[in-house]
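See below for the structure under consideration.
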Amino acid sequence: MSLKSHEINLDITPITETFGAIISGVKLSNQMSQDELNQIKSYWNRYQILLFRDQDLSKEDIIGFSRELGDLEIHIRNEWLNESHPEILQISNINVDGKPIGALADGEVGWHYDQIYLKRPALGSLLCSVKIPPEGGCTYFADMTTAYERLPLELKATIDGRLGIQSYENFNNLYSTKTDENQTSLTQKITQPLVRTHPVTGRRALYLCPGMTVGITGIPDHESDAILQQLFDWCLQDDFVYKHNWRLGDALLWDNACTMHRREPFDSVHERLMFRTTILPQAERAVPF
1 MSLKSHEINL DITPITETFG AIISGVKLSN QMSQDELNQI KSYWNRYQIL LFRDQDLSKE
61 DIIGFSRELG DLEIHIRNEW LNESHPEILQ ISNINVDGKP IGALADGEVG WHYDQIYLKR
121 PALGSLLCSV KIPPEGGCTY FADMTTAYER LPLELKATID GRLGIQSYEN FNNLYSTKTD
181 ENQTSLTQKI TQPLVRTHPV TGRRALYLCP GMTVGITGIP DHESDAILQQ LFDWCLQDDF
241 VYKHNWRLGD ALLWDNACTM HRREPFDSVH ERLMFRTTIL PQAERAVPF
């Protein structure tokens with residue numbers, strides 16, 4: 001995407017009291033000035049989730065804008081990548097010739113962080129609606145920064161400096177399909193800090209999720225299970241959660257360092273197709289931080 005210099009004219013409307021904002025006055029398909037990009041990045045760091053409504057984006061537009069934010073991951077689940085644009089992961093319940101064209105079908109997809117199971121997990125993701133059902137399929141986000149800041153001091157002390165054990169296999173067993181032999185070899189269990197410090201804002205956030213965090217290092221399983229359940233229950237209070245009802249033309253960008261998300265199920269008679277890019281952090285800003 002080429003850049004040009006002109007005055008910025010972006011309008012911002014907060015979605016909740018603590019995180020999320022709607023950005024108006026920009027078409028992601030257009031050429032964008034460096035000032036506009038810098039302003040969007042600043043809003044992204046501040047609000048964690050940015051919603052761009054009424055976008056008409058080609059695959060090239062989606063990839064071009066995403067690349068302005070960082071390197072793009074080619075997702076390990078290569079069976080669900082767009083054939084002509086492998087930077088795009090398709091999330092869909094549509095079948096062609098008896099085979100799914102995308103991930104996660106139409107069932108419940110529980111709370112998770114994207115790529116928490118990798119040494120270089122996603123900085124963020126851009127999810128764009130292509131085809132949506134008339135109801136259901138909403139995406140929920142949890143503000144893990146505010147959840148940490150309001151966490152009782154005793155729980156903060158309990159997890160200070162601790163590492164969580166992350167399992168992609170656990171997520172697949174619950175919500176997806178099993179990986180093949182090569183994919184499995186690349187997604188073995190890994191440890192990540194239970195608390196991360198955002199490299200730009202300096203704010204700390206909980207880094208754990210029910211779908212993939214299966215233990216805490218140095219703590220017996222029965223104790224770590226109880227601690228994790230306390231943390232999950234805390235994070236999922238209504239005060240920390242935003243529910244996004246999708247519209248056609250929505251492009252939703254989230255910060256994967258400080259928000260986790262889930263998707264509710266929808267009726268399988270309706271088709272749903274979403275395009276997602278996964279944005280990687282700079283090497284020096286990958287976990288741990």
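By UniProt numbering, the letter at position 117 of the sequence shown is numbered 117, and the numbering carries on one by one without gaps.
Just so it is clear, CB atoms sit at the ideal spot from N, CA and C, and this is done for glycine as well.
Within the same chain, show all residues whose beta-carbon is closer than 6 Å to that of P281, passing over the 5 residues directly before and after it, in chain order. Counting only residues of its own chain and dropping the five nearest sequence neighbours on each side, P281 has a CB closer than 6 Å to the CB of L123.
Rounded to the nearest angstrom, what separates T18 and N172 at their Cα positions? When only Cα atoms are considered, T18 and N172 end up about 31 Å apart.
Outcome for residue 290 when other beta-carbon atoms lying within 10 angstroms are tallied against a minimum of 16: Coverage of the chain is limited to positions 1 through 289, which leaves residue 290 absent and any answer about it impossible.
Could you tell me the alpha carbon to alpha carbon distance between R262 and C235, rounded to whole angstroms? Each residue's Cα considered, the two are about 13 Å apart.
Hey, would you say W254 sits closer than 7 Å to S129, going by beta carbons? In this structure, S129 does not lie closer than 7 Å to W254 by Cβ.
So the candidates are H85, Q115, T16; which of them puts its Cα closest to the Cα of Q166? Among H85, Q115, T16, the Cα nearest to that of Q166 is on Q115.
Quick check: the segment 71-86 against the segment 35-54, are there 3 or more CB pairs under 8 Å? With fewer than three CB-CB distances shorter than 8 Å, the segment 71-86 does not count as touching the segment 35-54.
C-beta contact flag for M168 and Y117 at 7 Å: A small fix is needed here, since residue 168 is Tyr in this sequence, not Met. In this structure, Y168 places its C-beta atom within 7 Å of the C-beta atom of Y117.
For T179, which of helix, strand or coil comes out of DSSP? T179 falls in the coil class under three-state DSSP.
Helix, strand or coil for H6, going by three-state DSSP, please let me know. Annotation note: pLDDT 41 at H6 (below 50); position unreliable, no value reported.
Which residues bound the alpha helix (DSSP H) around Q39? Taken as a continuous stretch (DSSP letters only), the alpha helix (DSSP H) holding Q39 covers 34-47.
Cβ shell of P133 (< 6 Å), same chain only, five flanking positions each side left out: In its chain, beyond the 5 residues on either side, F266, H270, R272 have a beta carbon closer than 6 Å to the beta carbon of P133.
Closest residue to N95 among I88, E87, A105 (Cα-Cα distance): Looking at the Cα atoms, A105 is the closest of the given residues.
Sorted by chain position, which residues of the same chain lie with C-beta nearer than 6 Å to K4's C-beta, five sequence neighbours on each side aside? Reliability fails at K4, whose pLDDT of 37 lies under 50, so the model's placement of it is uncertain and no value is given.
To the nearest angstrom, how far is it from the Cα of S2 to the Cα of L127? For S2, the predicted model reports a pLDDT of 34, less than 50, meaning its position is unreliable and no value from the coordinates is stated.
Collapsed DSSP secondary structure at N93 in the structure displayed: If DSSP states are grouped into helix, strand and coil, N93 belongs with coil.
In terms of alpha-carbon separation, which member of L228, S176, T191 lies closest to G110? Comparing alpha carbon positions, the residue from L228, S176, T191 closest to G110 is S176.
Where DSSP assigns a beta bridge to D11, which residues make up the other side? Answer is S24, bridged to D11.
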